[in-house]
DNA sequence: CATTTTGTATACCGAACGGTATATTAATCT
DNA sequence: AGATTAATATACCGTTCGGTATACAAAATG
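Chains as they are written, first to last, in this note's numbering: chain A, 11 to 203; chain B, 11 to 203.
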C-alpha cells in the first residue's frame, strides 16, 4: 500500500472511531508513520482528505445503484437488487459504511456533512427515479415517490444497523439474499396498502 | 430565562447546527452574551454542559416511556402509546431530537456519544421489556425481543426523520395519531408474520 | 450592618489545532 | 550526466482550544 492509500486507511479508522472533528491531522500522520507535509502534499487539507476518501469508496457503489435504478423492470425486482447492492457495500467495509452514516447524521453546517451530502443526494435521487418510473406505470403513488425513497433507504439501513449491533466485526459472513428479500417485502407491504 | 438556561439553549442550538466537537466554549458564551467562567461555574466543563442538557430534557421523556412500557396491556396498544410519546417528544423540540439522534450516530469513542448512550440504553431496555412480557404471554418470539426493540425504535425514528425532511421547522403542526397507528401496524406486520 | 454565598468578568495558561516555508532525498526525464 | 519533478522531513507559524487564578459585585444570611 502506497502512502496515499495508507493515509486514507488510517484516517478512515480514526474518523470512524473518534469522529471527524475529534481527530487531529497530527494523529492521522502519526498512525501512518509519516509527517504532516506528506498529508498536505496529497490532499491539500484535512477536509480534502475526507473528500478523496468518500470519492474513492462511494463512487463504485453509486454507479451500481444507478445501473440498477435505470434498468426497466418490476419495481419489486429493482428494490431487491438495490437491497443486495447496499448490503454488499456494507459488507465490503463495515467501518466505512458506519462512518458514512455517522457523517450523514451529523450537523448540517459541518464541513464533514457537506462533504457526504452530494453523494446521498445522488443516491436518493436515483431511488426516487425508480419509483417515478413505477408511478408512470401504475399511477397510484400520489406524488409520494420522495417519501418512498427515503423510507426505502431508511429500511435498508435499519436492517444493516441491526446486523451491525449484533456483530460489528466481520465474523458472521455474508448476509443471506432471502433476508434482504423479506425486508423489501415488508417495506412494499407498508407502501402499497 | 436565567443565565444557566440561556447557556443550555444557546449550546443546544450550536451543537445542533455545527456538531458538538465543532463548537467552541467561547462561541457558546458569546451567543449568550456572557463569559467563560460563567459557563464553568454552572457546568464545570463543556461535556458537563452537554450532560446537564441531556439530563434535563431526556428524563421526562424516559419516565413516560417507562410508564407506558410497564403498563400491562395488549402489545399493539403499548406500541401505539410509545409511538405517541416519541412523536410528542420530537414535536416538543425538533432541534433537540435531531441533536440526540446525531449524537447517537456519532463515533463510539467520542465523549458526546458516551454522554447520550446511557439514555438510549435505558430507552431500549424498556422497549425490550415490553416485548419480553408479550413473549411470556405468546411465546412466539424466539428470543428476538432485542431485535424487535431496535427495529421498533428505528421505525419510529425513520418516520420522524421523514417528517423532518419534509418540514424541518415547526410549521406543519401536530402529527396525526392515525399516522402513528399505521406506522406501528406496518411494523407489527413485519414482526408477526 | 457585617459576613458569607452566589454569580460574573478580566486576563491569562499550556496544549493542540490546521497549515506552511524551506530543505532534502529519490526517482524520472532529456 | 545533468536537470527536473515527485515525495518526504524539520521546524515553525498564528490561532483557537478547553480550562483557570483572581478579583469584584450583588444578594442572601447571621
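Ideal placement from N, C-alpha and C gives every residue a C-beta, glycine not left out. This structure is a prediction, so every number in the text was calculated from the model and none was measured.
Alpha carbon of residue i to alpha carbon of residue j, nearest angstrom
i, j, result
"residue 58/A", "residue 125/A", "9 Å"
"residue 128/B", "residue 108/B", "17 Å"
"residue 34/A", "residue 157/B", "36 Å"
"residue 28/B", "residue 177/A", "31 Å"
"residue 69/A", "residue 47/B", "48 Å"
"residue 26/A", "residue 148/A", "42 Å"
"residue 38/B", "residue 104/B", "20 Å"
"residue 190/B", "residue 174/B", "15 Å"
"residue 152/B", "residue 159/B", "14 Å"
"residue 24/B", "residue 166/B", "26 Å"
"residue 171/B", "residue 163/A", "12 Å"
"residue 195/A", "residue 150/B", "21 Å"
"residue 198/B", "residue 42/B", "46 Å"
"residue 155/B", "residue 118/A", "34 Å"
"residue 31/A", "residue 122/B", "12 Å"
"residue 75/B", "residue 132/B", "10 Å"
"residue 200/A", "residue 188/A", "19 Å"
"residue 19/A", "residue 112/B", "24 Å"
"residue 72/A", "residue 15/B", "45 Å"
"residue 1/B", "residue 94/A", "This structure gives no information on residue 1/B, because the portion of chain B shown stretches from 11 to 203."
"residue 10/B", "residue 161/B", "This structure does not reach residue 10/B, given that chain B is present from 11 up to 203, and the question cannot be answered."
"residue 116/B", "residue 100/B", "19 Å"
"residue 77/A", "residue 114/A", "23 Å"
"residue 106/A", "residue 82/B", "42 Å"
"residue 11/B", "residue 96/B", "26 Å"
"residue 56/B", "residue 21/B", "10 Å"
"residue 179/B", "residue 98/B", "15 Å"
"residue 63/A", "residue 102/A", "15 Å"
"residue 80/B", "residue 144/B", "11 Å"
"residue 185/B", "residue 168/B", "14 Å"
Within chain A, partners of residue i - CB distance below 8 Å
i, result
"residue 77/B", "Result: empty, since nearest Cβ-Cβ is about 26 Å, beyond 8 Å."
Where residue i meets chain B, residues with beta-carbon distance less than 9 Å
i, result
"residue 112/A", "112, 115, 116 and 117"
"residue 157/A", "172, 175 and 176"
Any C-beta of chain B under 7 Å from that of residue i
i, result
"residue 216/A", "Outside the displayed range of chain A (11 to 203) lies residue 216/A, so it cannot be described from this structure."
"residue 230/A", "Nothing can be reported for residue 230/A: it is not among the residues displayed for chain A, which extend from 11 to 203."
Partners in chain B for residue i, counting only beta-carbon separations shorter than 7 Å
i, result
"residue 31/A", "29, 31 and 32"
"residue 26/A", "117"
Beta-carbon neighbours of residue i, restricted to chain A and to distances below 9 Å
i, result
"residue 200/B", "192, 193, 195, 196, 197, 199 and 200"
The region 45–59 of chain B in contact with the region 86–98 of chain B per 3-pair CB rule at 8 Å: no
Could you please tell me which residues of the region 160–176 of chain B, in chain order, have their CB closer than 8 Å to any CB of chain A? 160, 161, 164, 165, 168, 171, 172, 175 and 176
Please determine if the region 129–141 of chain A and the region 127–143 of chain B are in contact, where contact requires at least 3 C-beta pairs separated by less than 8 Å. no
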